[in-house]
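A.B. asks: So the protein lines, in turn, are chains A and B. Okay, so the first sequence: first residue is 1 according to our numbering, each after it adds one. Okay, so the second sequence: first residue is 1001 according to our numbering, each after it adds one. Please read through the structure below; I'll follow up with questions.
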Amino acid sequence: MENRKISSLTMNEKISNLIKESFGEQAVLSTDFNGLQGIIVVQTNLIAEISLLLRNHPTCYFDYLSCLSGVDLGLEKNQFAVVYHLSSITLGYQIVLKVIIDHPRDTTQLPIVPTVSQVWRTADWHEREAYDLVGIYFQGHPDLRRILCPDDWEGYALRKDYVAAESYGGLKINGEVKTNE
Amino acid sequence: MNNLKTDLSKLKNEEMILNMGPQHPSMHGVLRLELVTDGETVKECIPHIGYLHRCFEKHAEALNYQQIIPFVDRMDYLSSMNNDHVFVMGVEKMLGIDQSIPKRVEYIRVLVCELNRIASHLIAIGTYGMDIGAVTPFFFCFKEREHILNLLEWASGARLLYNYIWIGGLFYDLPVGFEQRCSEFLTQFKPKMRELDELLTNNSIFIGRTQNIGVLPLDVAINYGCSGPMLRGSGINYDLRRIDAYSVYPELDFEIPIGEGKMGTTGDCWDRFDVRVREIAESIKIAEQCIERLTKELKRSPEFDPRARLPKKLIPKAQEFYCRGEMPKGELGYYFIADGKSDKPFRCKARAASFSNLSVLPELAKGAMIADLIAILGSIDIVLGEVDR
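Here you go:
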């Protein structure tokens, strides 16, 4: 068990070094390998290239994108994040990639992240979901529409400053609750 | 408001738009497929989902971890136990108590999960038969599923939405006599599976409807993030119960069935169906081993309290964690962000297996006949409660 921990630590470092070698030192903004899963925060504009590299490179071969989540990092921070959970079926290894975008949270201009849907097709629907619920614009996505909410829904439900809609399509959503008296 | 994605002005003369669903009987719930058809051939298929969207993730941010479990139940309502199990595992791992869960609790969890897996696969098999015209197997499957639901109702008090597996333990110990009745059920169930094989799996009409239909090559399956029987049907031995070896699965003996292309091409509808049928047999094996342990070395005792390890304070350290597990439909994952201050998750994203499995449908449907589209959709085995969350 102890051995496995050491080897996975070096594997995390190997991956982060691989990114640094290919795209320069500044491509990796920070790393956190002390938690349950290794996290590498990378530069936002390089995410598509880094993903392609990690998918094809023989040291890691991350062929499977488990999950892609958009996150609103809180009202006081005014930051958004997109988190990529990669997994390698061949090598049985997992890692977390992350990009963080500063954004003043207005809904007219969304935070922009390059799409990875050409690298893993899983990202296609997952990015649409992140766009729908968190309001992150994925540049280069082939078909960025709302996926879970209706097309004419206003606002992004998973943002921390979201106020629940009062009506939709002319109907009150939470009408007054009347009790029998 | 225009509800179509296709640009009508760009349609060719011979093409027609056909809306399939949301009220179509073989849509397994409320799924709408927008089809561009040329005669009987599907040229393009665009799924429209979200009719059951409840924004589980927003609810989760307002509730503490224990209170989220009933919401998790309602995601894939055909296999609530498995949903709970993965969720609970993730929270326990974050709290650091995953190693101190009593063995009896773990075995009970695996037992009820595998029973639920059998029930879920029985629905998949039964409704799949009905989708393509065989009504009898549906009743066979539902009769057996009813026994499982009765067992689980006996243990938890509910037929479908159990809220039985709790963080750090269980709602209650198994009722007295559960193990015996469960093994009685499994004994009478095994020959029934052979009956079902004769009735459906090896039925030449059924084979004719499913062989070489909806072939999903392995690289496409991986690239689209398919998991579960979808991925294994395409011929890869990938089961998270083995890969991650969570809970007590490493102590149990079971095989992982994969698609071999017995009736045609590897990764066709028949292969996916067959993987589910054979997985039921494996789940029976696991359940029997669990019962054996639960009646011998981990026998019930008056001192055993499944709630003894329930944490008094449910506040994980500030961290993030992605927990994944194998449910009947595939890989279910929860991505938690804990802020270290409250007992509510800062963010809780669910990666639903059916969501990614369904996203491959446009690829499979291209060039298929409309009648085959039903066969393809049925073989994916989606639950819309989980797709829409």
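The C-beta atom is built at its ideal place from N, Cα and C for all residues, glycine as well.
Which residue from B:LEU1111, B:ARG1309, B:ARG1209 puts its Cα closest to that of B:ASP1374?
C.D. replies: Reading the sequence as shown, one finds Ile at residue 1374 of chain B and not Asp. With distances taken between Cα atoms, B:ILE1374 lies closest to B:ARG1209.
A.B. asks: For the alpha helix (DSSP H) containing B:GLU1144, name the first residue and the last one.
C.D. replies: Per DSSP, B:GLU1144 belongs to the alpha helix (DSSP H) from 1136-1156.
A.B. asks: Mapping the DSSP letters down to three states, classify A:ALA81 as helix, strand or coil.
C.D. replies: In the structure shown, A:ALA81 sits in a strand (DSSP, three-state: E or B).
A.B. asks: Mind the definition here: the stretch 96-106 of chain A touches the stretch 72-81 of chain A only if three or more C-beta pairs lie below 8 Å; say whether that holds.
C.D. replies: The stretch 96-106 of chain A vs the stretch 72-81 of chain A: in contact.
A.B. asks: Quick check: what's the CA-CA separation for B:PRO1311 versus B:PRO1328?
C.D. replies: The straight-line gap from Cα to Cα measures roughly 29 Å.
A.B. asks: Counting only Cβ pairs nearer than 8 Å, list the residues of chain A close to B:GLY1408.
C.D. replies: Coverage of chain B is limited to positions 1001 through 1389, which leaves residue 1408 of chain B absent and any answer about it impossible.
A.B. asks: Nearest CA to the CA of A:ARG146: which residue from B:LYS1190, B:LEU1004, B:GLY1340?
C.D. replies: It is B:LEU1004 whose Cα lies nearest to the Cα of A:ARG146.
A.B. asks: Starting from the Cα of B:GLN1309, find the closest Cα among B:ILE1315, B:TYR1249, B:TRP1166 and give me that residue.
C.D. replies: The sequence shown places Arg at residue 1309 of chain B, not Gln. Among B:ILE1315, B:TYR1249, B:TRP1166, the Cα nearest to that of B:ARG1309 belongs to B:TRP1166.
A.B. asks: Consider the Cβ of B:SER1234: report whether some Cβ of chain A lies at a distance smaller than 8 Å.
C.D. replies: No, its Cβ sits nowhere closer than 8 Å to a Cβ of chain A.
A.B. asks: I'd like the list of long-range same chain contacts for B:ILE1101, defined as Cβ closer than 8 Å, with 5 residues on each side in sequence excluded.
C.D. replies: Answer for B:ILE1101: GLU1092, GLY1168, GLY1169, ARG1309, listed in chain order.
A.B. asks: Taking the continuous beta strand (DSSP E) assigned at A:ILE112, which residues delimit it?
C.D. replies: Start and end: 112-114.
A.B. asks: Select from the stretch 108-120 of chain A all residues with a C-beta closer than 7 Å to any C-beta belonging to chain B, and list them in chain order.
C.D. replies: Within the stretch 108-120 of chain A, the qualifying residues are TRP120.
A.B. asks: Run the CB neighbour count on B:LYS1349, radius 10 Å, all protein chains shown included, and call it buried at 16 or more, exposed below.
C.D. replies: Classification of B:LYS1349: buried, given that the 10 Å Cβ count is 16 or more.
A.B. asks: Scan the stretch 128-154 of chain A and note each continuous beta strand (DSSP E) run of 3 residues or more that stays entirely inside, going in chain order.
C.D. replies: Fully enclosed beta strand (DSSP E) runs of 3 or longer: 137-139.
A.B. asks: By Cβ distance below 7 Å, which residues in the same chain neighbour B:SER1283 in space, the five residues on each side in sequence not counted?
C.D. replies: The residues are GLU1114, ARG1117, ILE1118.
A.B. asks: Hey, does A:GLY170 have any beta-carbon neighbour from chain B nearer than 8 Å?
C.D. replies: No, A:GLY170 lies away from the interface with chain B (no Cβ there is under 8 Å from its Cβ).
A.B. asks: For A:MET1, name the three-state secondary structure that DSSP assigns.
C.D. replies: Bear in mind that a pLDDT of 43 at A:MET1, under 50, signals an unreliable position, so the number given afterwards is only what the model happens to contain. DSSP places A:MET1 in coil when its eight states are reduced to three.
A.B. asks: If we count Cβ pairs, one from each stretch, closer than 8 Å, do we get three or more for the stretch 1139-1148 of chain B versus the stretch 1122-1130 of chain B?
C.D. replies: Touching, yes, given that three or more Cβ pairs across the two stretches are closer than 8 Å.
A.B. asks: Taking the beta carbon of B:GLY1385 as the centre, do at least 16 other beta carbons fall within 10 Å, making it buried, or is it exposed?
C.D. replies: Under this definition B:GLY1385 is a buried residue.
A.B. asks: Using the C-alpha atoms, what's the distance from A:GLN26 back to B:ARG1104?
C.D. replies: Their backbone Cα atoms lie some 51 Å apart in a straight line.
A.B. asks: Relative to the C-alpha of A:ASP152, which candidate in A:ASP132, A:GLU21, A:GLN43, A:GLU49 has its C-alpha closest?
C.D. replies: Out of A:ASP132, A:GLU21, A:GLN43, A:GLU49, A:ASP132 has the C-alpha closest to the C-alpha of A:ASP152.
A.B. asks: Reducing DSSP to helix, strand and coil, say where A:SER66 ends up.
C.D. replies: Looking at A:SER66 - three-state DSSP - the assignment turns out to be strand.
A.B. asks: Tell me, please, which residues DSSP counts as bridged to B:ASN1019.
C.D. replies: Beta-bridge pairing links B:ASN1019 to B:GLU1034.
A.B. asks: Cβ closer than 9 Å: which chain B residues qualify as neighbours of A:LEU52?
C.D. replies: Ordered by position in chain B, no residue passes the 9 Å Cβ test against A:LEU52, which lies about 13 Å from the chain.
A.B. asks: According to DSSP, simplified to helix, strand and coil, what is B:VAL1176?
C.D. replies: B:VAL1176: coil per DSSP, three-state reduction.
A.B. asks: What does A:VAL28 touch in chain B if you count any residue whose Cβ is under 7 Å from its own?
C.D. replies: Near A:VAL28 there are no residues of chain B at all, since even the closest Cβ is about 18 Å away, more than 7 Å.
A.B. asks: Roughly how many angstroms lie between the CA atoms of B:GLN1099 and B:GLU1251, to the nearest whole one?
C.D. replies: If you take the alpha carbons of B:GLN1099 and B:GLU1251, they lie about 15 Å apart.
A.B. asks: Is any beta-carbon of chain B found at less than 8 Å from that of A:THR44?
C.D. replies: Output row for A:THR44: interface = no.
A.B. asks: Give me, in chain order, the residues of the same chain whose beta-carbon lies closer than 6 Å to that of A:ASN12; leave out the 5 immediate sequence neighbours on both sides.
C.D. replies: The residues are PHE33, GLY38.
A.B. asks: Figure out for me which residue from A:ILE100, A:ASP124, A:LEU18, A:PRO150 has the closest Cα to the Cα of A:PRO58.
C.D. replies: Of the listed residues, the one whose Cα sits closest to A:PRO58 is A:LEU18.
A.B. asks: Strictly by DSSP, which residues pair up with A:LYS183?
C.D. replies: With chain A represented from 1 up to 181, any question about residue 183 of chain A goes unanswered, as that position is not in the structure.
A.B. asks: Compare the C-beta of A:ILE48 with all C-beta atoms of chain B and state if any pair is closer than 8 Å.
C.D. replies: A small correction: the amino acid at residue 48 of chain A is Ala; Ile does not occupy that position in the sequence shown. No, A:ALA48 does not count as interfacial toward chain B.
A.B. asks: Helix, strand or coil: which one does DSSP assign to B:GLU1198?
C.D. replies: It is helical.
A.B. asks: Are the C-beta atoms of B:SER1009 and some chain A residue less than 8 Å apart?
C.D. replies: Not closer than 8 Å to any Cβ of chain A, the Cβ of B:SER1009 fails to qualify, so no.
A.B. asks: Can you grab the Cα-Cα spacing for the pair A:ILE173 / A:ALA165, in whole Å?
C.D. replies: Rounded to the nearest angstrom, the two C-alpha atoms are 7 Å apart.
A.B. asks: Can you find a CB in chain B that lies within less than 8 Å of the CB of A:GLY92?
C.D. replies: For A:GLY92, the answer is yes, since a Cβ of chain B falls inside 8 Å of its Cβ.
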